[in-house]
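Residue numbering for the sequence shown follows numbering that gives the first Met the number 0, starting at 0 and increasing by one per position. Quick reminder that beta carbons are idealized off the backbone N, C-alpha and C, glycines included.
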Amino acid sequence: MEVVHKIGRRKTAVARVYVSEGKGNITINKKDLKEYFTTATLQYKVKQPFALTDTEDSYDVKVNVYGGGITGQAEAVRLALSRAMCEINEENRAALKPEGLLTRDPRMVERKKFGQKKARKKFQFSKR
0 MEVVHKIGRR KTAVARVYVS EGKGNITINK KDLKEYFTTA TLQYKVKQPF ALTDTEDSYD
60 VKVNVYGGGI TGQAEAVRLA LSRAMCEINE ENRAALKPEG LLTRDPRMVE RKKFGQKKAR
120 KKFQFSKR
């Protein structure tokens, strides 16, 4: 099997994933998974595509991720891994699709408008 390359995005985070056969090592920005994503929740999010397809220790993963915060980055990696698992074996799609792992979350931060305090919040109006 050759290296499978996929891209995942979430908010402003972009993850490039390179999946190859191996022992289950996950390297993110040249750091180990547990070193980069320190909380168990984020580690679970990244490993979710492997757990659903029963391939936890079958592939080595190299990830380049930038932009956004850590949660957005973890979800971007998850989307890229899900896409890669579908390319490796089309039968994985049946396990990943119902969980919503193949859908790019379109929600983005709304921009701040001119003459307002924030995107929706306005300055207090006083009648004097």
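Measuring alpha carbon to alpha carbon, tell me which of the options ends up nearest residue i.
i, options, result
"Glu20", "Lys126, Ala118, Phe49, Gln72", "Phe49"
"Val60", "Leu51, Lys111, Ala12, Lys29", "Lys29"
"Ala14", "Lys22, Glu89, Arg103, Gly23", "Arg103"
"Asp56", "Ile25, Tyr65, Ser125, Lys5", "Ile25"
"Arg8", "Ala39, Val62, Lys116, Arg110", "Val62"
What does residue i pair with, by DSSP beta-bridge criteria?
i, result
"Glu20", "Tyr58"
"Ile87", "Its beta-bridge partners do not exist; DSSP assigns none."
"Asn63", "Arg15"
"Asp31", "Thr26"
"Lys5", "Val16"
Roughly how many angstroms separate the alpha carbons of residue i and residue j, rounded to a whole number?
i, j, result
"Gln123", "Lys112", "15 Å"
"Glu90", "Leu100", "14 Å"
"Ala93", "Lys120", "43 Å"
"Val108", "Gly67", "11 Å"
"Ala79", "Ala118", "30 Å"
"Phe36", "Gln42", "6 Å"
"Glu34", "Arg127", "57 Å"
Using C-beta distances below 6 Å, list every residue in its chain close to residue i, excluding the 5 sequence neighbours before and after it, in chain order.
i, result
"Thr54", "none"
"Gln72", "Ala12, Val64"
"His4", "Tyr17"
Using the beta-carbon count (16 or more within 10 Å), is residue i buried or exposed?
i, result
"Gly114", "exposed"
"Val2", "exposed"
"Arg82", "buried"
"Lys46", "buried"
With a CB to CB cut of under 7 Å and the five nearest residues on each side skipped, what residues in its chain are close to residue i?
i, result
"Lys22", "Asp56, Asp59"
"Leu51", "Ala94, Leu95, Glu98"
"Ala39", "none"
"Ile69", "Phe36, Leu41"
Looking only at its chain, what residues have a beta carbon closer than 8 Å to the beta carbon of residue i, apart from the 5 residues adjacent to it on each side?
i, result
"Met0", "Ser19, Glu20, Ile87"
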